[in-house]
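According to our numbering, the sequence shown is numbered sequentially starting from 11.
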Amino acid sequence: MSESARKKVYSVCAVCSVRCPVEVDVEGGAVKHIWGNPHLMGGRYLCPRGTAQKVFQTDTERVQYPMIRDGERGSGKWRKATWEEALDYVAQKLRGIIDQYGGESVVLADRGGPFTDLHKAFIKALGSPNYFNQHACCSNSVHNAHNAMAGQRRNTVTYDWKNCKYTVLYARNILESIGTKEAKDFMDAREKGMKVVYLDARWTYTAAKSDRFFILRPGTDYAFNLALIHVLDKE
Numbered sequence: 011m012s013e014s015a016r017k018k019v020y021s022v023c024a025v026c027s028v029r030c031p032v033e034v035d036v037e038g039g040a041v042k043h044i045w046g047n048p049h050l051m052g053g054r055y056l057c058p059r060g061t062a063q064k065v066f067q068t069d070t071e072r073v074q075y076p077m078i079r080d081g082e083r084g085s086g087k088w089r090k091a092t093w094e095e096a097l098d099y100v101a102q103k104l105r106g107i108i109d110q111y112g113g114e115s116v117v118l119a120d121r122g123g124p125f126t127d128l129h130k131a132f133i134k135a136l137g138s139p140n141y142f143n144q145h146a147c148c149s150n151s152v153h154n155a156h157n158a159m160a161g162q163r164r165n166t167v168t169y170d171w172k173n174c175k176y177t178v179l180y181a182r183n184i185l186e187s188i189g190t191k192e193a194k195d196f197m198d199a200r201e202k203g204m205k206v207v208y209l210d211a212r213w214t215y216t217a218a219k220s221d222r223f224f225i226l227r228p229g230t231d232y233a234f235n236l237a238l239i240h241v242l243d244k245e
């Protein structure tokens, strides 16, 4: 294997919405290992999910090529197809639906992320405005609340963990969530003496690292929210 066949490729992780920068070891066109990008300020970081991405290319249980059903639905019979045949098949099915019901009968939903402009352009070209992603039932409520209170969406701000002395986390399991860099910064602040109060309906790793942990009876968090709002409003 020549040295020219070995290289490092820089990209972003696509497993979750954080999009951590990555450094990928590539040899002979195959991914050998995925690391956090070492050129970042603050050092490299990447969670186990990001490192495990190479199975997308090599896992034998993952479908590596298009397949078209070759029998009745539920029969489990499929045949291998070329990409050209598969694309033509999908295009034909879409054309039939659009001709019969109109473009607005087509809906496209995805994970969200940095490439949604391509998906939006595609669904618009089909004559449909019906695009949405998982944020509708995930982060949009937080963004809307933050926008109403601070005038901007939550993902436009960051937290100054370096200078934080006291923090209250409510159902924010920061040490087991998707922000690896944020979790590292949080632990750095914790080691420097930051006090942590944590509230949640279950015991978590964040609870184990907190100075005080208050466990909420499952199903009562909505009532607790209303009580907090009442006290803040009245007092």
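Every residue, glycine too, gets a C-beta built ideally from N, C-alpha and C.
Measure the Cβ-Cβ separation of VAL41 and TYR20 and say whether it is below 9 Å.
Here residue 41 refers to the residue found at position 31 when the sequence shown is read from its first residue. Here residue 20 refers to the residue found at position 10 when the sequence shown is read from its first residue. Not closer than 9 Å, so no.
Just to confirm, are GLY161 and ASN143 a CB contact at a threshold of 9 Å?
Taking the first residue of the sequence shown as position 1, residue 161 is located at position 151. Taking the first residue of the sequence shown as position 1, residue 143 is located at position 133. For GLY161 and ASN143, no; Cβs fall outside 9 Å.
For GLY60, tell me which candidate among VAL241, ARG16, LEU128, VAL22 has the shortest Cα-Cα distance.
Against the sequence shown, residue 60 aligns to sequence position 50. It is VAL22 whose Cα lies nearest to the Cα of GLY60.
Since ASP210 contacts TRP171 with CB under 8 Å, what's their CB separation in whole angstroms?
Here residue 210 corresponds to residue number 200 of the sequence shown, with the count starting at 1. Here residue 171 corresponds to residue number 161 of the sequence shown, with the count starting at 1. With a Cβ gap of about 19 Å, ASP210 and TRP171 do not count as contacting.
To which residues of the same chain is GLY113 closer than 8 Å at the C-beta, ignoring the five residues directly before and after it?
As a first step, residue 113 must be located in the sequence shown, where it is residue number 103. Excluding positions up to five away in sequence, the list reads LEU136, GLY137, SER138.
To the nearest angstrom, how far is it from the Cα of ASN154 to the Cα of CYS147?
Start at 1 with the first residue of the sequence shown, and residue 154 comes out as number 144. Start at 1 with the first residue of the sequence shown, and residue 147 comes out as number 137. The straight-line gap from Cα to Cα measures roughly 12 Å.
Let me confirm a value: ALA218 is counted as buried when at least 16 other C-beta atoms fall within 10 Å, else exposed. Which label applies?
Taking the first residue of the sequence shown as 1, we reach residue 218 at position 208. The residue in question, ALA218, is exposed, as its Cβ has fewer than 16 Cβ neighbours within 10 Å.
Please determine, among ALA15, CYS30, ARG105, LYS191, the residue with the shortest C-alpha to C-alpha distance to VAL36.
For the purposes of this step, residue 36 is identified with residue 26 of the sequence shown, where counting begins at 1. Nearest of ALA15, CYS30, ARG105, LYS191 to VAL36, Cα basis: ALA15.
Use the C-beta contact count for LEU56: other C-beta atoms within 10 angstroms, 16 or more gives buried, fewer gives exposed.
Within the sequence shown, residue 56 is the residue found at index 46, counting from 1. Classification for LEU56: buried.
Among MET204, TYR111, ILE78, ALA96, which one has its Cα closest to the Cα of ARG89?
For this step, residue 89 is matched to residue 79 along the sequence shown. For the residues MET204, TYR111, ILE78, ALA96, the minimum Cα distance to ARG89 belongs to ILE78.
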